[in-house]
Each structure stands twice: as structure tokens, then as C-alpha cells.
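Chains as they are written, first to last, in the working numbering: chain A, 4 to 118; chain B, 14 to 310.
Quick reminder that beta carbons are idealized off the backbone N, C-alpha and C, glycines included.
Single-structure report; data block below.
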């Protein structure tokens with residue numbers, strides 16, 4: 004009985020394989036701390052697994068720029084949001100996303116500059 | 014670095030864990046100890062379960078609202094239906110639905126039992142309360158890191174088993190404290206001994222499930238000290254070890270002395286149970302932090 008249980012446990016562990024942690028942000032476009040000569044027309048966040056973008060805030064000089072997020076869109080590893088015309092300045096990006104597979108929230112922030 | 018929103022989410026989750034396991038464990042205690050609980054104490058335990066069920070429902074709802082708030086860091090997001098819909102669609106909806114149904118079954122079964130011992134209540138109420146307790150305790154398996162395993166069903170089953178064991182063990186502490194005031198020492202000793210005898214097997218299963226989960230979630234033993242998740246897990250293991258040591262002391266030293274009408278032993282047992290309740294609450298808090306703020310490496 005004990006041996007059977009041990010083998011069953013080891014077998015189950017081998018079958019299951021490793022688990023991954025919370026979704027991780029792999030890259031952004033524009034990149035963090037980028038100095039851009041031309042204002043970007045869209046913003047892309049790329050993750051290591053499927054996510055649903057929950058919040059994306061873009062602000063400059065303490066003023067938030069309204070963005071439209073489609074909360075009904077399917078989960079995907081990459082999310083692109085269209086940006087309104089941006090003037091010169093430093094822009095702060097705050098984002099949060101939900102991993103539909105495990106229900107966890109990931110969030111972060113970065114900045115870029117339009118010259 | 015966790016912000017105030019994250020702290021509030023963790024606290025709400027810890028309260029949901031503690032209240033749900035407390036209510037479920039209270040039902041288990043009433044059912045398997047039905048012959049050893051004084052009628053008045055049975056009524057106290059039932060009222061406690063109903064109060065905890067309400068607290069668990071409130072904490073579960075608060076956790077959803079606070080998660081929405083934490084996503085944007087804005088108070089207005091607490092009431093954002095779009096964000097809440099996203100959260101509910103990602104497993105939390107199924108978890109909360111099952112939990113509320115389970116808590117509802119417990120409350121419905123116990124609310125009208127009056128002061129009778131649970132086992133002597135009429136009809137199918139104990140069965141309904143038991144189904145509710147199992148449903149509420151295992152509801153936490155709907156969300157979490159095991160859902161990204163290659164075989165999530167196995168991981169979910171082990172989490173459910175771990176949660177049931179936690180409810181049985183940790184949820185019995187307050188009922189034990191209530192029963193330990195029973196003036197009929199023989200009856201009180203029977204209840205404590207019965208819990209102690211059953212708990213040793215349940216705790217063995219709980220620990221085995223915990224070890225399997227750790228093996229599934231960590232890729233190497235070094236992750237225990239190299240990752241935030243592993244370090245939090247070590248903190249949890251330290252508190253669980255303290256709780257196990259205290260439980261062993263109660264079982265080996267205090268429980269045998271109860272039958273000799275030793276008042277000092279009864280007082281020491283009550284102090285030990287209060288300490289166990291404190292340790293259980295800390296373990297819930299660490300578990301909530303582990304499952305919210307960090308993920309396995």
C-alpha cells in the first residue's frame with residue numbers, strides 16, 4: 004500500500020511537470036526609457052503568457068490621456084492599444100493585466116519620452 | 014514592493030480563508046463530536062459558524078472589489094463592473110459561487126437548530142451542513158498557480174484536499190476552546206480526545222498534500238531560498254512547525270491530564286488553543302500573501 008502510494012505520487016509529479024509563476028512582461032513598444040523623435044501611434048505590451056489587459060494609464064505632466072481598452076477582447080500574450088496624437092514630453096505608463104488561467108493580477112509601470 | 018491596495022487584498026483573502034475554514038471546520042467538529050458536546054456549547058458553536066459564514070461571504074466580496082481597486086490604484090475602480098467581470102471570469106466567479114452556496118447550505122442547516130446538539134438535529138440538516146462545509150472549503154481550488162500545470166486537475170484535487178485538511182484542523186480550534194469550558198470533565202475530555210485522535214490522520218494527509226504541492230510548484234529545492242515565493246513558503250513552514258509542536262504537546266501532555274480533573278491542565282489547554290488560533294491566523298495571512306503577491310519561480 005505504502006509503495007503503491009509512493010509510486011503513484013512520484014508518477015503524478017513526473018506527469019505534471021513544472022509550473023510557471025505569474026505572467027511576466029517581456030517587452031514594451033515603445034521601450035522603457037526610450038527617447039523617441041517621432042510620437043508613437045500605438046503602445047504594445049508583450050507577456051510570456053496569455054493575459055487580459057485590465058488597466059492602461061498614460062499620463063504626462065500629471066495629466067492623464069484617455070485611452071480606450073477593449074475589456075471584452077480574448078486573452079493574448081501581446082496587447083496593442085492605439086494612442087492619440089502625442090506632443091513632446093515625458094509619458095508615464097501604468098498597466099495591470101489579469102492571467103485568465105490562474106486569476107492572478109500582474110501590474111507595472113514605465114516611462115518613455117517624445118522629443 | 015506591495016502597496017496599500019495589495020496589502021488590503023491579502024488581508025481580505027486571509028479573512029476569507031480563516032472564516033471559511035473556521036466555519037467548515039466548525040461543522041466537521043459538530044458532526045464527528047455530536048455525542049460529546051453539551052447542548053449550550055453546541056448552540057454557541059453553531060452561532061459561531063453562522064457568524065463566520067457571513068464574515069467569509071463579506072471578505073470574499075471585499076477581495077473582488079479590492080482586487081479591482083488594486084488594478085488601477087484608484088478608489089473609483091472598486092465599483093468598475095468591467096474589471097469585476099474580468100476577475101469573476103478568471104476563476105474567481107466559480108470559486109465565489111461555490112463558496113457562497115456552501116456557506117449558504119451551512120447557515121441554512123444550522124440557523125434553525127436551536128440549542129440541540131448537531132447530531133440530534135432533525136432530518137438531513139447535518140448532511141446539508143457537511144456538503145456546504147466541503148463545498149466552501151474546496152472553493153479555493155478554483156483559482157491559483159496549479160491551474161497552469163500541464164495536468165491542472167491533479168493539482169486542483171491536491172489543493173482541494175489540502176484545503177479540506179486545513180478546514181478540519183484549523184477550524185476546530187474555536188469549537189475546542191468552547192468545549193474546553195464544559196464543566197462535565199469526562200464529556201470535555203472525550204471531545205478533546207476524539208478531535209486529537211482524528212486530527213492526527215487528517216494532519217498527515219494535509220501535510221502530504223502540502224509537500225506534493227511544493228514539489229509541483231517549485232522546480233528545485235534551491236527555489237525555497239532563491240525566490241520570494243520560496244522564502245514566504247519557508248516562513249509558512251516555520252509557523253506550521255510551531256503549530257504542530259503545540260498540537261503534539263497538547264496531545265501528549267495536556268490531554269491525558271484532563272481526565273484526572275486537573276484544573277491547571279484545563280487552563281493550560283485553553284491557553285494553548287488560543288495560541289494555536291493565533292498561529293493559524295498568521296498561517297492564513299502568509300498563505301494569502303504567497304498566493305497573491307508572488308508566484309512560483
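How about residue i and residue j: are their beta carbons less than 9 Å apart?
i, j, result
"residue 219 of chain B", "residue 178 of chain B", "yes"
"residue 114 of chain A", "residue 85 of chain B", "no"
"residue 144 of chain B", "residue 245 of chain B", "no"
"residue 264 of chain B", "residue 49 of chain B", "no"
"residue 112 of chain B", "residue 69 of chain B", "yes"
"residue 33 of chain B", "residue 142 of chain B", "no"
"residue 296 of chain B", "residue 256 of chain B", "yes"
"residue 252 of chain B", "residue 288 of chain B", "no"
"residue 52 of chain A", "residue 80 of chain A", "yes"
"residue 41 of chain A", "residue 31 of chain A", "no"
"residue 155 of chain B", "residue 79 of chain B", "no"
Out of curiosity, what's the CA-to-CA distance linking residue i and residue j?
i, j, result
"residue 58 of chain A", "residue 206 of chain B", "54 Å"
"residue 46 of chain B", "residue 191 of chain B", "13 Å"
"residue 27 of chain A", "residue 90 of chain B", "23 Å"
"residue 66 of chain B", "residue 92 of chain A", "53 Å"
"residue 214 of chain B", "residue 181 of chain B", "11 Å"
"residue 83 of chain B", "residue 158 of chain B", "19 Å"
"residue 29 of chain A", "residue 49 of chain A", "6 Å"
"residue 93 of chain B", "residue 231 of chain B", "35 Å"
"residue 276 of chain B", "residue 193 of chain B", "11 Å"
"residue 87 of chain B", "residue 102 of chain A", "20 Å"
"residue 118 of chain A", "residue 90 of chain A", "8 Å"
"residue 196 of chain B", "residue 55 of chain B", "14 Å"
"residue 74 of chain A", "residue 111 of chain A", "18 Å"
"residue 309 of chain B", "residue 106 of chain A", "14 Å"
"residue 273 of chain B", "residue 44 of chain B", "26 Å"
"residue 54 of chain A", "residue 104 of chain A", "9 Å"
"residue 20 of chain B", "residue 153 of chain B", "19 Å"
"residue 226 of chain B", "residue 86 of chain A", "43 Å"
"residue 16 of chain B", "residue 97 of chain A", "14 Å"
"residue 109 of chain B", "residue 69 of chain A", "33 Å"
"residue 234 of chain B", "residue 116 of chain A", "43 Å"
So what's residue i in DSSP terms, helix, strand or just coil?
i, result
"residue 28 of chain A", "strand"
"residue 46 of chain B", "coil"
"residue 313 of chain B", "Missing from the structure shown is residue 313 of chain B; chain B here goes from 14 to 310 and no further."
"residue 101 of chain A", "strand"
"residue 131 of chain B", "Bear in mind that the predicted position of residue 131 of chain B carries a pLDDT of just 47, short of 50, making it unreliable; the figure below should be weighed with that in mind. Of the three classes helix, strand and coil, the one that applies to residue 131 of chain B here is helix, per DSSP."
"residue 107 of chain A", "strand"
"residue 240 of chain B", "coil"
"residue 112 of chain A", "strand"
"residue 38 of chain A", "strand"
"residue 39 of chain B", "helix"
"residue 274 of chain B", "coil"
"residue 66 of chain A", "strand"
"residue 280 of chain B", "helix"
"residue 11 of chain A", "With a pLDDT of 48 at residue 11 of chain A, under the threshold of 50, the modelled position of that residue is not reliable, and the figure given next carries that caveat. Correct three-state label for residue 11 of chain A: helix."
"residue 92 of chain A", "strand"
Please determine, among the options, the residue with the shortest C-alpha to C-alpha distance to residue i.
i, options, result
"residue 290 of chain B", "B:170, B:42, B:185", "B:185"
"residue 261 of chain B", "B:216, B:19, B:273, B:99", "B:216"
"residue 102 of chain B", "B:81, B:148, B:120", "B:81"
"residue 77 of chain B", "B:104, B:307, B:234, B:295", "B:104"
"residue 44 of chain A", "A:88, A:112, A:75", "A:88"
"residue 120 of chain B", "B:111, B:96, B:146", "B:146"
"residue 124 of chain B", "B:40, B:106, B:270", "B:40"
"residue 175 of chain B", "B:151, B:161, B:163", "B:151"
"residue 72 of chain A", "A:79, A:56, A:94, A:80", "A:56"
"residue 187 of chain B", "B:18, B:22, B:24, B:42", "B:42"
"residue 73 of chain B", "B:163, B:183, B:97, B:212", "B:97"
"residue 122 of chain B", "B:270, B:202, B:37", "B:37"
Does the beta carbon of residue i come closer than 9 Å to any beta carbon on chain D?
i, result
"residue 96 of chain B", "Of the protein chains in the structure, A and B, none is chain D."
Answer yes if the stretch 62-75 of chain A comes into contact with the stretch 55-67 of chain B, meaning at least three C-beta pairs across the two stretches below 8 Å, and no otherwise. Verdict: no, contact absent.
Determine contact between the stretch 274-281 of chain B and the stretch 231-239 of chain B, defined as no fewer than three beta-carbon pairs at a distance below 8 Å. Below 8 Å, too few C-beta pairs join the stretch 274-281 of chain B and the stretch 231-239 of chain B to call them touching: fewer than three.
Count the C-beta pairs between the stretch 27-38 of chain B and the stretch 298-310 of chain B that are closer than 8 Å, then say yes if the count reaches three, no if not. When C-beta atoms of the stretch 27-38 of chain B are compared with those of the stretch 298-310 of chain B, three or more pairs fall below 8 Å, so the two segments count as touching.
For the pair the stretch 253-270 of chain B and the stretch 163-172 of chain B, tell me if three or more CB-CB distances fall below 8 Å. With a cut-off of 8 Å, the stretch 163-172 of chain B and the stretch 253-270 of chain B do not count as touching, because too few Cβ pairs lie within range.
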